[in-house]
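Engineer: A single structure is presented below for examination.
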Amino acid sequence: MKSYSDKPDLSNMSLEEIEDFISHLGKEKYRARQIMKWMYRFGISSFDEMTNLSKVFREEIKELARITSLPIEEIQESIDGTKKVLFRLEDDSLIESVLIREKNHWTQCVSTQAGCAMGCKFCLTGRYGLKRNLLPSEIVGQITALLFNTPEGKDMKSIVMMGMGEPLANYENTLKAIKIITSDVGPGVSKRKITVSTYGITPMIRRLGEEVSVNLAVSLNAPDDEKRTALMPVNKKYPLKELIDACREYPMPRRRMITFEYILIDGINDSEEDAKMLTSLLRGVHCKFNLIPFNEFPESDFKKPSDKKIRAFQNILIKHHYTTMVRPSKGNDILAACGQLSGRARE
Ligand code: SAH
Ligand code: SF4
Numbered sequence: 004m005k006s007y008s009d010k011p012d013l014s015n016m017s018l019e020e021i022e023d024f025i026s027h028l029g030k031e032k033y034r035a036r037q038i039m040k041w042m043y044r045f046g047i048s049s050f051d052e053m054t055n056l057s058k059v060f061r062e063e064i065k066e067l068a069r070i071t072s073l074p075i076e077e078i079q080e081s082i083d084g085t086k087k088v089l090f091r092l093e094d095d096s097l098i099e100s101v102l103i104r105e106k107n108h109w110t111q112c113v114s115t116q117a118g119c120a121m122g123c124k125f126c127l128t129g130r131y132g133l134k135r136n137l138l139p140s141e142i143v144g145q146i147t148a149l150l151f152n153t154p155e156g157k158d159m160k161s162i163v164m165m166g167m168g169e170p171l172a173n174y175e176n177t178l179k180a181i182k183i184i185t186s187d188v189g190p191g192v193s194k195r196k197i198t199v200s201t202y203g204i205t206p207m208i209r210r211l212g213e214e215v216s217v218n219l220a221v222s223l224n225a226p227d228d229e230k231r232t233a234l235m236p237v238n239k240k241y242p243l244k245e246l247i248d249a250c251r252e253y254p255m256p257r258r259r260m261i262t263f264e265y266i267l268i269d270g271i272n273d274s275e276e277d278a279k280m281l282t283s284l285l286r287g288v289h290c291k292f293n294l295i296p297f298n299e300f301p302e303s304d305f306k307k308p309s310d311k312k313i314r315a316f317q318n319i320l321i322k323h324h325y326t327t328m329v330r331p332s333k334g335n336d337i338l339a340a341c342g343q344l345s346g347r348a349r350e
């Protein structure tokens, strides 16, 4: 365990919180905006370099607060161009972000927890259990580390909270991270370009919709309660009807649709009957589908279906007028694909 300062960390604070902190020091509130610009527009974490603050103020705040950044431990590149970035946290936990190459830009898939407690049967991250929640600085830090230290950072246009962990089980920190990321003095990512992916904690979906306007993705993975509970224990507590009601009422950003993610697992949830049940389950919900052929990993007995079965499933959804993409598995060779993140260094 490293020793580190226990001064308040401005990287864990929203603009309003930095303003409060500074006001309590008897200083002008607008200094908060200046500091945040240095942090998130220029990647500066040393008060000494914040040259538009007076020397006296810099000396004073240095004694009372700190700003942290997240060091990149390792970047691995897949044969398909996907990159997996490993970060070491102050307590030596390891977490991962994945960079996905799109046509003209990159999407960053960020983690919100070190590990995950939710125990979905198909997910490697879930196998290792939860180590701890990430702080806002550790969620935002994954983005700023890449922004200021890698060439891809400049072309990072969208953020998906779909890495390790369940964002809505770390609600407060995820919400604060979103506020920082989308602040006009933050890294400047628009709310429309942020997607929160959840496995379905319905009260938190409702809260998220009330408190911020971001895109929602829901890991659905089964068309009925029996199958879903077998794959995802959460379904016992928040069954499908309740989940779909919360989705129906979720206020998406204008002209956006909820995305339902559906992992296709051979012989488990991939029959034509399953696809038809899905269409009746979601009748009246403004949504689209991402079908993810199961990413195999050594400790799992599940298999991915044949291409023919995947196409048949997709065609039924399309016939019912749902936009349905099959998400090709990316970064498989470096265990960067969905559900394969484990926060482990290369062996
Ligand atoms: N906890 C959140 C976000 C992280 S999980 C959630 O569950 O939505 C990221 C995505 O990976 C989820 O959509 C999940 O369904 C998918 N996933 C997990 N394990 C997978 C696997 N083995 N193959 C394919 N997708 C997987
Ligand atoms: Fe956790 Fe999501 Fe994996 Fe389920 S699918 S174990 S909620 S990371």
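Position one of the sequence shown corresponds to residue 4 (the numbering used here), numbered consecutively onward. Here a beta-carbon is modelled for each residue, glycine too, at the ideal position from N, C-alpha and C.
Pick out whichever of F316, A35, G156 has its Cα sitting closest to the Cα of P308.
Structural biologist: Selected option, being the one with the closest Cα: F316.
Engineer: Does the distance between the C-beta of F263 and the nearest non-hydrogen atom of the ligand SAH fall short of 7 angstroms?
Structural biologist: Result no, Cβ not under 7 angstroms from the ligand SAH.
Engineer: Measuring CA to CA, which of A120, R44, K312 is closest to M167?
Structural biologist: Answer by Cα proximity: A120.
Engineer: Take the Cβ of S14 as the centre, count every other Cβ of all protein chains shown within 10 Å, and call the residue buried at 16 or more, exposed below.
Structural biologist: Answer is buried; the Cβ neighbour count reaches 16.
Engineer: Taking 8 angstroms as the cut-off, decide whether the C-beta atoms of I319 and I295 are in contact.
Structural biologist: The answer is no: Cβ separation not under 8 angstroms.
Engineer: Let me check you understand the geometry: is the CB of S81 closer than 7 angstroms to at least one non-hydrogen atom of the ligand SAH?
Structural biologist: No, the beta carbon of S81 sits no closer than 7 angstroms to any heavy atom of the ligand SAH.
Engineer: Given that a residue counts as buried once 16 or more other Cβ atoms are within 10 Å of its Cβ, and exposed if not, what is F45?
Structural biologist: F45 should be labelled exposed.
Engineer: Measuring CB atoms only, is the segment 103 to 111 touching the segment 160 to 174, in the sense that at least three cross pairs come out at less than 8 angstroms?
Structural biologist: Output reads yes: the segment 160 to 174 touches the segment 103 to 111.
Engineer: Does any CB atom of chain B fall closer than 8 angstroms to the CB of A117?
Structural biologist: Protein chains in the displayed structure number just one, and chain B is not present.
Engineer: Would you list, in sequence order, the uninterrupted alpha helix (DSSP H) runs of no fewer than 4 residues that lie entirely inside the segment 266 to 350?
Structural biologist: Counting only runs of 4 or more, we get 275 to 284, 310 to 322.
Engineer: Considering just the uninterrupted stretch of the beta strand (DSSP E) at G118, what are its terminal residues?
Structural biologist: That run of the beta strand (DSSP E) goes 116 to 118.
Engineer: Report the start-end ranges of each beta strand (DSSP E) in the segment 87 to 124 that is 3 residues or longer and not cut off at the edges.
Structural biologist: Counting only runs of 3 or more, we get 97 to 104, 109 to 112, 116 to 118.
Engineer: K196 and S216: beta carbons closer than 8 angstroms?
Structural biologist: The answer is no: Cβ separation not under 8 angstroms.
Engineer: Taking the C-alpha atoms as reference points, what is the distance between P190 and M164?
Structural biologist: Between P190 and M164, the C-alpha separation is close to 16 angstroms.
Engineer: In chain order, what residues of the same chain lie with their CB nearer than 8 angstroms to the CB of G144, ignoring the 5 residues before and after it?
Structural biologist: Hits under 8 angstroms: S14, T71, S72, L73, F90.
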